[in-house]
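This report concerns only the one structure given below.
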Amino acid sequence: MKLPKSIEQAFTGLEAAIVLIAFIIVASVFAYVVLGAGFLTTEKAQESVHAGIQQTTSAVQPSGELSVQADGAGTGINTITFYLQLAAGGTGVDMGTFSYTVTTPAKVGTFTSTDVTYTWVKEIAGTNHGEHSGVMNLGEMVLVTINPGFSSTEMGARTKFLVEVKPSVGAAVPISGTVPMGMNPNTWYAVY
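Final position of the sequence shown in our numbering is 194; the numbers increase by one with none missing.
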């Protein structure tokens, strides 16, 4: 049986409506996926920026000279000292989370915050030094004292050495020096 021409045209219009609705649904799902991916990417970028800011604001830097104390024979090193302070615009850092590495051509020594001694300089221009909470804040300095325990053959005259300060967050800070020649026993020397 043959359908009248007007019924066939109505059926074609119904098919077109179904295709249009399907197209709209697919486009909506695609838009939702694209927006979701965009939000995820934005969130990850934001996390990266915040992590970078945290590392930058917790950066420490050396301040002043690197000093060494000769051993009892004047042939090796007993003690290494240097000052640390926060970089400009920095936020407080917990000194208890730091580690240190002393490297010479003959030996590498690793030290935790419990292996070194901290002397807090609360007022740079004053004499208010001593015990502290363990957090270095802006405007404060910390004198770090390391007793490496290296022999005079491992760290003697003209030996180049590197002290790496490694905070838990932020970049490691290298401080280098050369052991001086002709040292007197138990005498302090500024090294470069």
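Here a beta-carbon is modelled for each residue, glycine too, at the ideal position from N, C-alpha and C.
Per-residue DSSP class, three states only, for residue i
i	result
M97	helix
L37	helix
G66	strand
T189	coil
G179	strand
L88	strand
E142	coil
Inter-residue Cα distance where the pair is residue i and residue j
i	j	result
G136	N188	29 Å
H52	I26	39 Å
G1	Q87	Beyond the ends of the chain as shown, which are 3 and 194, falls residue 1; an answer cannot be given.
F41	A29	18 Å
E166	V175	6 Å
A173	V21	59 Å
S153	T105	13 Å
G78	N186	10 Å
A24	G38	21 Å
G94	Q71	30 Å
K162	V110	12 Å
Spatially closest choice to residue i from the options, by CA coordinates
i	options	result
T99	A108, G92, T116, K109	T116
G76	V146, A192, E67, M183	M183
Y85	V95, V193, E67, S101	E67
T103	D96, Y191, T114, K162	T114
V62	G179, W190, S170	S170
T112	K168, V31, G158	K168
P107	G54, S178, M138	S178
beta-carbon residue i near the ligand SAH non-hydrogen atom, thresh 7 Å
i	result
S30	With respect to the ligand SAH, the structure shown offers nothing to examine, as it has no ligands at all.
According to DSSP, residues forming a beta bridge with residue i
i	result
V110	T105
T147	T83, T119
F163	G179
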